[in-house]
Amino acid sequence: MADLTITAASVVKGANAVLEAGTAGAAITAGQVVYRDSSYKYQLCDADSATADAKKIRGVALNGASDGQPLTILKSGKVTIGATLVAGTTYVLSDTAGGIAPQADLGSGDDVAILGAATSTSEINVAINNTGVTL
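Anchor point for the sequence shown: position 8 equals -11 in my numbering, and the numbering is continuous, going up by one each time.
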């Protein structure tokens, strides 16, 4: 998959953002996609992980954090993602841990977890849909 190249310092929540605060369970960079594990810590999502929960998007990290540090995620609403997007394109969880890719780049064996659609060349309207469908 051709993941987005995200500039972490450019990740900014929009005015309508719905946020959630918690604790990182691994090293996480702003702009990466995360899930919450059974110990209620955020981990990096992965579309072809052997762990079912890792294929379910919880949100997008808004700040960087090491294991055990505070992390704020965006669960819905607009986010400037810090990457060049194609307006109107649907973006999904990639098969790279924490990565985001265009839906057209999904491959065989990947779970379809939709992050949202680009509303411009820099902003995604996050509307998470963990479909449960495996290609």
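Idealized CB from N, CA, C, for every residue including glycine.
If we ignore side chains and look at the alpha-carbon of each, how far apart do residue i and residue j end up?
i: residue 27; j: residue 15; result: 9 Å
i: residue -10; j: residue 61; result: 11 Å
i: residue 54; j: residue 106; result: 14 Å
i: residue 103; j: residue -1; result: 19 Å
i: residue 32; j: residue 86; result: 21 Å
i: residue 13; j: residue 82; result: 11 Å
i: residue 116; j: residue 34; result: 17 Å
i: residue -5; j: residue 90; result: 33 Å
i: residue 10; j: residue 17; result: 15 Å
Under three-state DSSP, which class holds residue i?
i: residue -2; result: coil
i: residue 118; result: What the structure shows of the chain is the stretch from -18 to 116, and residue 118 is not part of that stretch, so it cannot be assessed.
i: residue 76; result: coil
i: residue -18; result: Bear in mind that a pLDDT of 49 at residue -18, under 50, signals an unreliable position, so the number given afterwards is only what the model happens to contain. Note: residue -18 maps to coil in three-state DSSP.
i: residue 92; result: strand
i: residue 24; result: strand
i: residue 57; result: strand
i: residue 42; result: strand
i: residue -10; result: helix
i: residue 101; result: coil
Confirm, please, whether the CB-CB distance from residue j to residue i is below 8 Å.
i: residue 23; j: residue 2; result: no
i: residue 59; j: residue -3; result: yes
i: residue 74; j: residue 96; result: yes
i: residue 202; j: residue 109; result: The requested residue 202 is not part of the displayed model; the chain covers only -18 to 116.
i: residue 99; j: residue 38; result: no
i: residue -8; j: residue 25; result: no
Taking the beta strand (DSSP E) that residue i falls in, what are its first and last residues?
i: residue 82; result: 81 to 83
i: residue 107; result: 104 to 115
i: residue 15; result: 14 to 17
Notebook entry, point to check: Per the contact definition of three or more C-beta pairs closer than 8 Å, is the stretch 45 to 58 in contact with the stretch 72 to 84?
Noted result: no
Notebook entry, point to check: Counting Cβ pairs closer than 8 Å, one from the stretch -17 to -9 and one from the stretch 61 to 75, do we hit at least three?
Noted result: yes
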